[in-house]
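Note sheet for the following structure.
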Amino acid sequence: MAEQSFDIIVIGSGPGGYVAAIRAAQLGFKTAIVERDYLGGICLNWGCIPTKALLRSAEIFHYLQHAKDYGLSAEKVGFDAKAVVERSRKVAARLNAGVAFLMKKNKIAVIWGEAAIEAPGKVAVKASKSEPVKGALGPGSYQARHIVVATGARPRVLPGMEPDKKLIWTYFEAMAPPAIPKSLLVVGSGAIGIEFASFFRALGSEVTVVEVLAQILPVEDAEIAAFARKSFERQGIKIMTGAKVTKLDKKAGGVAATIDDGKGGTQTLEFERVISAVGVVGNIENLALEKLGVKTERGTILADGYGRTNVAGVYAIGDVAGPPMLAHKAEHEGVICVEAIKGLNPHPLDKLRIPGCTYCSPQIASVGLTEAAAKAAGHEVRVGRFPFVGNGKAIALGEDQGLTKTVFDAKTGQLLGAHLVGAEVTELIQGFVIAMQLETTEEDLMHTVFPHPTLSETMHESVLDAYGRVIHV
Numbered sequence: 003m004a005e006q007s008f009d010i011i012v013i014g015s016g017p018g019g020y021v022a023a024i025r026a027a028q029l030g031f032k033t034a035i036v037e038r039d040y041l042g043g044i045c046l047n048w049g050c051i052p053t054k055a056l057l058r059s060a061e062i063f064h065y066l067q068h069a070k071d072y073g074l075s076a077e078k079v080g081f082d083a084k085a086v087v088e089r090s091r092k093v094a095a096r097l098n099a100g101v102a103f104l105m106k107k108n109k110i111a112v113i114w115g116e117a118a119i120e121a122p123g124k125v126a127v128k129a130s131k132s133e134p135v136k137g138a139l140g141p142g143s144y145q146a147r148h149i150v151v152a153t154g155a156r157p158r159v160l161p162g163m164e165p166d167k168k169l170i171w172t173y174f175e176a177m178a179p180p181a182i183p184k185s186l187l188v189v190g191s192g193a194i195g196i197e198f199a200s201f202f203r204a205l206g207s208e209v210t211v212v213e214v215l216a217q218i219l220p221v222e223d224a225e226i227a228a229f230a231r232k233s234f235e236r237q238g239i240k241i242m243t244g245a246k247v248t249k250l251d252k253k254a255g256g257v258a259a260t261i262d263d264g265k266g267g268t269q270t271l272e273f274e275r276v277i278s279a280v281g282v283v284g285n286i287e288n289l290a291l292e293k294l295g296v297k298t299e300r301g302t303i304l305a306d307g308y309g310r311t312n313v314a315g316v317y318a319i320g321d322v323a324g325p326p327m328l329a330h331k332a333e334h335e336g337v338i339c340v341e342a343i344k345g346l347n348p349h350p351l352d353k354l355r356i357p358g359c360t361y362c363s364p365q366i367a368s369v370g371l372t373e374a375a376a377k378a379a380g381h382e383v384r385v386g387r388f389p390f391v392g393n394g395k396a397i398a399l400g401e402d403q404g405l406t407k408t409v410f411d412a413k414t415g416q417l418l419g420a421h422l423v424g425a426e427v428t429e430l431i432q433g434f435v436i437a438m439q440l441e442t443t444e445e446d447l448m449h450t451v452f453p454h455p456t457l458s459e460t461m462h463e464s465v466l467d468a469y470g471r472v473i474h475v
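Residue numbers for the sequence shown follow my numbering, beginning at 3 and rising by one.
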């Protein structure tokens with residue numbers, strides 16, 4: 003096969019990769035994207051989107067069980083695990099097809115296979131095991147002046163907890179269970195672990211979460227995490243913090259887990275299934291990065307605020323470029339990277355303004371510094387809080403358990419962070435993100451008119467509370 007040349011080749015078609023490719027095409031670059039498994043990457047096919055479809059099914063099932071609380075009647079409420087999974091897979095397939103359409107629309111060449119960077123400006127692609135999309139180019143040698151690595155990440159595997167796809171799962175297996183297990187151990191209480199704990203508990207599993215740190219949801223504000231923990235425990239989820247799973251013994255139809263409680267005691271508990279949710283690690287292998295001298299650290303590629311690595315012409319974006327490992331972070335890094343290549347002088351991404359969302363029940367969302375982090379950074383802070391129990395819309399929805407918290411610099415009025423737990427807070431957080439992006443002060447937020455009745459009023463009241471002006475508590 004003759005060698006083909008492009009201006010930019012993107013390796014990986016997840017949110018970072020396909021967005022980078024589209025922006026590159028918009029800017030006039032001859033662009034190609036290499037994919038070995040699924041257009042749309044893990045997020046669209048096995049991560050962000052299908053998990054939300056699962057959680058939506060669990061949410062509706064929960065509401066049906068509580069129909070009488072709303073003056074309604076729903077008898078013999080049940081679920082079909084196979085149908086729940088099938089709906090989730092159809093959602094993923096629809097979005098996968100959408101990415102294929104976007105590649106065609108933007109005249110981006112899709113190269114199907116597994117890529118390695120043979121030399122600066124040269125990509126070798128060998129065949130992969132998966133079926134290529136229609137019209138994709140095949141294995142061969144390709145040239146590009148700029149190569150963007152967007153290969154994403156995979157579940158981290160701890161010794162002794164190696165997934166077997168039957169009894170010990172990663173998020174791949176947890177997303178397509180053949181049946182809902184009667185009992186489930188979730189190892190790790192980050193966003194992935196807590197979302198699956200919430201999903202399986204809603205469908206009847208007896209769920210235990212084990213977290214090695216003292217706090218669940220370790221990246222969240224301590225007050226918000228504590229509020230969420232109480233809510234999860236009221237739902238029947240057993241949570242063990244400061245604890246560690248030291249051994250997993252597989253048996254017929256289940257797993258015996260030895261758990262060190264962190265207080266000098268151990269116990270052995272039996273579960274039908276185990277989900278290992280102890281983080282992810284970047285896909286940096288088999289790219290020939292070592293040969294090129296590309297610097298890596300802790301399983302990720304080192305890159306600056308524009309995606310540039312230490313090797314000219316090689317860039318890295320998204321999960322493979324390090325935390326926070328979020329799809330929206332990857333997308334923005336992709337845009338910034340190609341705009342910098344074009345010479346448009348974009349601003350580097352400010353990671354303190356990247357929101358984080360966990361779609362459990364109740365939802366959790368945050369942006370910026372936690373109260374503890376703000377104080378540790380030397381800020382004198384003013385903190386505002388507003389409970390959902392004081393919000394008319396939350397009461398009307400039957401969702402009055404939640405909290406909105408804001409953290410300000412006491413001297414300047416700068417919004418340093420916002421942290422929410424409760425119904426639909428993953429939709430509310432963007433208001434605070436915009437406020438931070440525009441460098442809004444407390445005065446701007448206090449003078450902003452929030453519509454009534456909405457959950458967003460909790461945002462306003464939280465700001466007012468930070469300055470002694472709260473109305474509805």
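The C-beta atom is built at its ideal place from N, Cα and C for all residues, glycine as well.
| request: Could you tell me the distance, in whole angstroms, from the CA atom of Ala245 to the CA atom of Gly162? | output: 16 Å
| message | For the structure I just gave you, are there three or more beta carbon pairs, one from the segment 13 to 21 and one from the segment 307 to 323, closer than 8 Å? | response | yes
| field | Contact set for Asp467: own chain, Cβ-Cβ below 7 Å, skip 5 residues either direction | value | Gly386, Arg387 and Phe388
| For Val365, is the classification buried or exposed, using 16 other Cβ atoms within 10 angstroms of its Cβ as the cut-off for buried? | The sequence given here has Gln at residue 365, not Val. Buried is the call here.
| query | Distance, Cα to Cα, His334 vs Gly73? | reply | 45 Å
| request: Compute the beta-carbon to beta-carbon distance between Val125 and Ile11, rounded to the nearest angstrom, for a pair I have assumed lies under 8 Å. | output: 5 Å
| query | Going by DSSP, what residues sit across from Arg387 in a beta bridge? | reply | Lys407
| Where the alpha helix (DSSP H) through Ser75 begins and ends | Per DSSP, Ser75 belongs to no alpha helix (DSSP H) and is neither H nor E.
| request: Check Glu401 in the structure and name its three-state DSSP category. | output: coil
| Quick one: what does DSSP say Phe174 is sitting in, helix, strand or coil? | helix
| query | CB-CB under 7 Å to Val93, same chain, minus the five flanking residues each way: which ones, in chain order? | reply | Ile51, Pro52 and Ala55
| request: Check whether the segment 29 to 42 touches the segment 340 to 350, counting contact only when three or more Cβ pairs, one atom from each stretch, lie closer than 8 Å. | output: yes
| Comparing alpha-carbon positions, which option in Leu354, Ala437 and Asp306 lies nearest Ala323? | Asp306
| Buried or exposed (CB count within 10 angstroms, at least 16 for buried), Asn288 | exposed
| said: Residues in the same chain with beta-carbon distance under 6 Å from Leu194, minus the five sequence neighbours each way, listed in chain order, please. | reply: The question names Leu, but residue 194 in the sequence shown is Ile. Counting only Cβ-Cβ distances below 6 Å, and skipping sequence neighbours, we find Tyr173 and Ala279.
| task | Jot down the residue ranges of each uninterrupted beta strand (DSSP E) in the segment 134 to 210, minimum 3 residues, whole runs only, in chain order. | result | 142 to 151, 155 to 157 and 185 to 189
| Under the three-state reduction of DSSP, which class applies to Val214: helix, strand or coil? | coil
| request: Could you work out which residue in Leu328, Leu187, Ile110 and Pro179 is closest to Arg25 when comparing CA atoms only? | output: Ile110
| request: Would you kindly check if the distance between the Cβ of Lys395 and the Cβ of Leu457 is under 7 Å? | output: yes
| request: Identify every run of the beta strand (DSSP E) within the segment 434 to 461, keeping only runs that are complete inside it and at least 3 residues long; order them along the chain. | output: none
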